[in-house]
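Protein chains in written order, with this note's numbering: chain D, 6 to 87; chain Y, 72 to 446.
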């Protein structure tokens, strides 16, 4: 997982779930955030896709079970360069 | 184990049963139950059939985590006939377990990959998760107007559970029913609409038919160019949607002299203790077709035919502006609608400018999954 990717995604998640950045860790998952329902999951995916200029396949969306997994997936798709 | 989406087959039935059980145990609404058979009861796929349902499952190591269905049907979009999917019954384990909140997105993306030209219809209002997801994905959307006409005001006032929600309202409605003031008020308002806008036409007659024949094909060919988006309503398709052996549907052919002006399919819905309608006899105008200029007499004759059958209330959802006006001319009032049409960009782009084209799209209760309950 690229730290820069994680930092950006942490910012997106903090805005979306209206939490402090420091409260979002790589392990943060829907189970810990009551507001993280299916609609917010989509909003998170769409925001990350827009930020990084990519599109997740349905199979990849299932892998997004924590912020760290999402950051790792972004790193895998865009490489370490961005 | 990753979640994969696969067509529903016989081997998955026990897993679907378990999925339904988990949703119920988790407090999901009662209607959130996916069919426990891979062969749809409604519109199964058959050889040469152009209207059919298909079921899909999101599976995690053989465990069902989500479901959806797509009804494929031919539509005329800007004059071109295309196969388009209606996305329905998307249920996700995420409803009861947030660990699966990704499943709703996964289902929708999978459906769009299989059939990019999809639409959604109904959905119960903008506060529900599916419309909220579609809005987030910037689907074009609008509310399909809802109309009603009260035939028996006394029964309506005493039994319309959806309005009798407080002690004061119940008292007022009972007062209106027993004093006759409600009867007078409702009849006067509806009659004023009919008289001031006059939609019944001399020489127009209505007949009940057993099935759709060549006359329906001819009418379809006449009507198709008048609608920006409309499901193919030729005789073959209509006889699949409204099977001649199904006596719950009343098929009405409306004629002026020897010319077929249009048709309508109506049905009666009667349940004990329905949360909205109580035990009222509700006549529903499920579907209809005519050239837009013939909509007023077609709606007027259809409403009159339903009233003659003794229903207490008539309801209809219509998207086309001319059909909406026709209902108003026939004495109907607009009510709050929770019936949403939504389409992704790829489909909405064929209907530009969407804000204008949506007024000439023809969507009714029959275009979603509204016919399922009349099996």
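Every residue, glycine too, gets a C-beta built ideally from N, C-alpha and C.
Residue i and residue j look like a contact to me (Cβ under 8 Å); what is the Cβ gap, rounded to whole Å?
i                      : j                      : result
residue 385 of chain Y : residue 214 of chain Y : In fact, because the Cβ distance is near 20 Å, the residues do not count as touching under 8 Å.
residue 287 of chain Y : residue 305 of chain Y : 7 Å
residue 377 of chain Y : residue 227 of chain Y : Contact flag wrong, Cβ pair sits at about 14 Å.
residue 97 of chain Y  : residue 43 of chain D  : About 14 Å; that fails the 8 Å criterion.
residue 363 of chain Y : residue 297 of chain Y : 5 Å
residue 404 of chain Y : residue 211 of chain Y : So it is not a contact: roughly 27 Å between Cβ atoms.
residue 40 of chain D  : residue 22 of chain D  : 5 Å
residue 302 of chain Y : residue 146 of chain Y : 5 Å
residue 76 of chain D  : residue 14 of chain D  : 5 Å
residue 322 of chain Y : residue 279 of chain Y : 7 Å
residue 417 of chain Y : residue 187 of chain Y : 5 Å
residue 84 of chain Y  : residue 108 of chain Y : 7 Å
residue 68 of chain D  : residue 78 of chain D  : 6 Å
Note down, in chain order, every chain D residue with its Cβ under 9 Å from the Cβ of residue i.
i                      : result
residue 80 of chain Y  : Residues of chain D passing the Cβ test: none, with the nearest at roughly 19 Å.
residue 186 of chain Y : Under the 9 Å cutoff, chain D gives no residues; its nearest Cβ is about 13 Å from residue 186 of chain Y.
What residues of chain D sit near residue i, judged by a beta carbon separation below 7 Å?
i                      : result
residue 177 of chain Y : 63, 66, 67
residue 76 of chain Y  : 63
What does residue i reach in chain Y if we use C-beta pairs closer than 8 Å?
i                     : result
residue 42 of chain D : 165, 169, 172, 200
residue 70 of chain D : 170, 173
residue 46 of chain D : 165, 172, 173, 175, 176
residue 36 of chain D : 169, 170
Measure the CB-CB distance between residue i and residue j and report whether it falls below 8 Å.
i                      : j                      : result
residue 157 of chain Y : residue 439 of chain Y : yes
residue 371 of chain Y : residue 202 of chain Y : no
residue 166 of chain Y : residue 130 of chain Y : no
residue 369 of chain Y : residue 361 of chain Y : yes
residue 49 of chain D  : residue 29 of chain D  : no
residue 6 of chain D   : residue 80 of chain D  : yes
residue 320 of chain Y : residue 390 of chain Y : no
residue 331 of chain Y : residue 324 of chain Y : yes
residue 139 of chain Y : residue 182 of chain Y : yes
residue 148 of chain Y : residue 422 of chain Y : yes
residue 338 of chain Y : residue 355 of chain Y : yes
residue 437 of chain Y : residue 312 of chain Y : yes
residue 92 of chain Y  : residue 128 of chain Y : no
residue 169 of chain Y : residue 63 of chain D  : no
residue 217 of chain Y : residue 162 of chain Y : no
residue 61 of chain D  : residue 83 of chain D  : no
residue 180 of chain Y : residue 66 of chain D  : yes
residue 230 of chain Y : residue 406 of chain Y : no
Can you tell me whether residue i is buried or exposed, with buried defined as 16 or more other CB within 10 angstroms of its CB?
i                      : result
residue 142 of chain Y : buried
residue 20 of chain D  : exposed
residue 358 of chain Y : buried
residue 333 of chain Y : buried
residue 87 of chain Y  : buried
residue 110 of chain Y : exposed
residue 45 of chain D  : buried
residue 171 of chain Y : buried
residue 72 of chain D  : buried
residue 152 of chain Y : exposed
residue 317 of chain Y : exposed
residue 429 of chain Y : buried
residue 395 of chain Y : buried
residue 308 of chain Y : buried
residue 236 of chain Y : exposed
residue 374 of chain Y : buried
residue 198 of chain Y : exposed
residue 294 of chain Y : buried
residue 191 of chain Y : buried
residue 90 of chain Y  : buried
residue 12 of chain D  : exposed
residue 344 of chain Y : exposed
residue 299 of chain Y : buried
residue 224 of chain Y : buried
Given that residue i touches chain D, what residues does it touch there, using C-beta distances under 8 Å?
i                      : result
residue 73 of chain Y  : 64, 67, 68
residue 204 of chain Y : 43, 44, 47
residue 181 of chain Y : 63
Cβ closer than 7 Å: which chain Y residues qualify as neighbours of residue i?
i                     : result
residue 50 of chain D : 176
Residues of the segment 424 to 441 of chain Y in Cβ contact with chain D at a cutoff of 9 Å, in chain order, please. none
Could you run through the segment 367 to 387 of chain Y and flag, in chain order, every residue whose CB is less than 8 Å away from some CB of chain D? none
Along the segment 205 to 230 of chain Y, what residues have a CB closer than 8 Å to any CB found in chain D? 207, 208
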